[in-house]
Amino acid sequence: MNGGKRVRPALTLLCCEAVGGSRKQAMPAAIAVEFIHCFSLVHDDLPAIDDDDLRRGKPTLHIKVGEAMAVLAGDLLLSVAFSQLISEQYSTAQQATLTKILANATSDMVIGQVYDTIGGLPKQLDKHQQLEEIHRNKTGALIQSACEMGAICGGASKDALNAISTFGRANGLMFQIVDDLIDLHGSPEHVGKATGKDEEAGKTTYPGTIGVEASKLAVQELQKQAKSALDLLENDAETLLSFNLWMAHRTR
Ligand code: GRG
0 MNGGKRVRPA LTLLCCEAVG GSRKQAMPAA IAVEFIHCFS LVHDDLPAID
50 DDDLRRGKPT LHIKVGEAMA VLAGDLLLSV AFSQLISEQY STAQQATLTK
100 ILANATSDMV IGQVYDTIGG LPKQLDKHQQ LEEIHRNKTG ALIQSACEMG
150 AICGGASKDA LNAISTFGRA NGLMFQIVDD LIDLHGSPEH VGKATGKDEE
200 AGKTTYPGTI GVEASKLAVQ ELQKQAKSAL DLLENDAETL LSFNLWMAHR
250 TR
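The sequence shown begins at 0 in numbering that gives the first Met the number 0 and counts up by one.
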């Protein structure tokens with residue numbers, strides 16, 4: 000409740016609705032994905048990783064309560080996230096599927112962070128493919144999982160789950176490209192965290208690799224891909240589409 004946008008849980012609720020479920024059905028999974036996200040931010044801000052003092056316009060957790068408590072808070076968020084999924088609201092089959100989706104996405108996120116922090120990407124990939132690999136793992140995987148979990152909570156058919164998965168994959172990569180652009184152009188006051196850090200730290204980013212205009216075009220292309228995936232759903236996905244559009248144009 001401290002000013003995060005809660006994009007991932009919103010996606011879980013809206014994807015559940017888009018396959019014919021209710022937001023209530025998706026709530027435990029939505030909480031779980033936000034807990035994983037918060038764990039990643041707390042650990043990402045630590046001096047050993049990104050070393051940030053500001054998050055959501057406030058001091059980062061290790062600045063406020065010290066490094067030891069921040070490490071432990073992240074550890075705790077990771078485990079309580081998974082206990083959310085063992086909810087009586089879900090069948091045992093749903094619990095197993097949700098746990099698998101979230102566990103795989105969390106692993107991918109950590110792998111992406113390793114690539115981003117110390118490298119080690121597969122050598123056969125060219126620069127653009129390396130960039131995509133980092134972004135899809137570091138950020139895209141958790142966003143895609145948020146969408147897929149919503150679909151599972153809503154009892155999606157195989158086709159609907161595939162459509163939501165395609166939507167989530169496009170939306171997840173798009174989110175990180177927008178984040179790269181915000182880091183380049185946004186002010187810390189508006190964004191609520193330090194900006195201009197990627198260039199300073201020599202991070203692999205979309206604008207740094209393919210340029211600002213090509214990055215904006217990539218955002219547009221991925222937004223279109225996300226929209227086309229929603230067109231395959233039987234249910235009306237207006238709210239989800241509006242949210243996806245907002246994600247493409249966000250400035251913080
Ligand atoms: C150290 C074991 C261990 C794990 C940590 C740090 C880490 C693994 C992963 C971090 C991955 C990471 C921080 C990706 C960045 C994703 C991103 C764009 C975050 C910002 O998300 P927003 O804008 O943030 O949704 P709010 O504050 O709105 O919630």
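The beta carbon of each residue, even a glycine, is placed where N, CA and C say it ideally should be.
Supposed contact pair residue j and residue i - C-beta distance, whole angstroms, cut 8 Å
i      : j      : result
Cys15  : Ser21  : 7 Å
Gln222 : Met173 : 6 Å
Ala104 : Leu141 : 5 Å
Leu180 : Ser214 : 6 Å
Pro187 : Leu53  : 6 Å
Selection from the options that minimises the alpha carbon distance to residue i
i      : options                           : result
Ile30  : Ile48, Val18, Thr11 and Asp52     : Thr11
Asn276 : Thr105, Gly191 and Ala9           : This structure gives no information on residue 276, because the portion of the chain shown stretches from 0 to 251.
Ala145 : Thr98, Asp74, Leu40 and Thr250    : Thr98
Asp193 : Ile35, Arg7, Lys57 and His42      : The question names Asp, but residue 193 in the sequence shown is Ala. Nearest option by C-alpha distance: Lys57.
Met26  : Gly119, Leu120 and Ser86          : Ser86
Ala92  : Asp49, Asn136 and Met148          : Met148
Ser164 : Glu199, Ala17 and Arg5            : Ala17
Gln83  : Ala102, Glu66, Val70 and Met68    : Ala102
Thr250 : Val218, Leu232, Glu131 and His189 : His189
Glu132 : Gly191, Gly210 and Pro121         : Pro121
His184 : Glu212, Leu160, Arg168 and Ala159 : Glu212
Ser39  : Val177, Glu198, Arg7 and Ala228   : Arg7
Gly2   : Lys202, Thr208, Val113 and Arg55  : Arg55
Ala247 : Glu233, Ile117 and Val177         : Val177
Ile272 : Ala69, Val64 and Thr208           : Summary: the structure shown does not reach residue 272, with the chain confined to residues 0 through 251, and so no result is reported for it.
Gly256 : Val113, Tyr114 and Gly167         : Here the chain has residues from 0 to 251 only, and residue 256 is not among them.
Val299 : Asp43, Ala225 and Lys4            : An answer regarding residue 299 cannot be provided, because it is not within the stretch 0 to 251 covered by the chain.
Leu51  : Asp197, Met0 and Leu240           : According to the sequence displayed, residue 51 carries Asp and not Leu. Checking every option, the nearest Cα to that of Asp51 belongs to Asp197.
Gln88  : Asn161, Gly191 and Cys152         : Cys152
Thr208 : His61, Thr59 and Asp125           : Asp125
His36  : Gly65, Asp74 and Leu229           : Asp74
Ala162 : Ser227, Phe34, Met108 and Ile117  : Ser227
Coil, strand or helix - residue i by DSSP
i      : result
Lys192 : coil
Arg251 : coil
Asp235 : coil
Asn1   : coil
Val6   : helix
Ser186 : coil
Any non-hydrogen atom of ligand 2 within 6 Å of residue i CB
i      : result
Thr138 : This structure simply doesn't include ligand 2; it includes ligand 1 instead.
is_contact[residue i, chain B] using C-beta, thresh 7 Å
i     : result
Leu12 : The chain inventory of the structure shown lacks chain B, comprising one protein chain alone.
Can you list, in chain order, the stretches of the beta strand (DSSP E) that have 3 or more residues and sit fully within the segment 39-87? If we require 3 residues or more, the segment 39-87 turns out to have no beta strand (DSSP E) run fully inside it.
Give the list of continuous alpha helix (DSSP H) stretches no shorter than 4 residues that lie fully inside the segment 83-168. Whole alpha helix (DSSP H) segments, 4+ residues: 91-117, 126-134 and 140-152.
Where are the alpha helix (DSSP H) runs, 4 residues long or more, that stay fully inside the segment 196-233, in chain order? Within the segment 196-233, the complete alpha helix (DSSP H) runs of at least 4 residues fall at 196-199, 205-209 and 211-230.
Could you pull out every unbroken alpha helix (DSSP H) segment of at least 4 residues lying fully inside the segment 9-40, listed in chain order? If we require 4 residues or more, the segment 9-40 turns out to have no alpha helix (DSSP H) run fully inside it.
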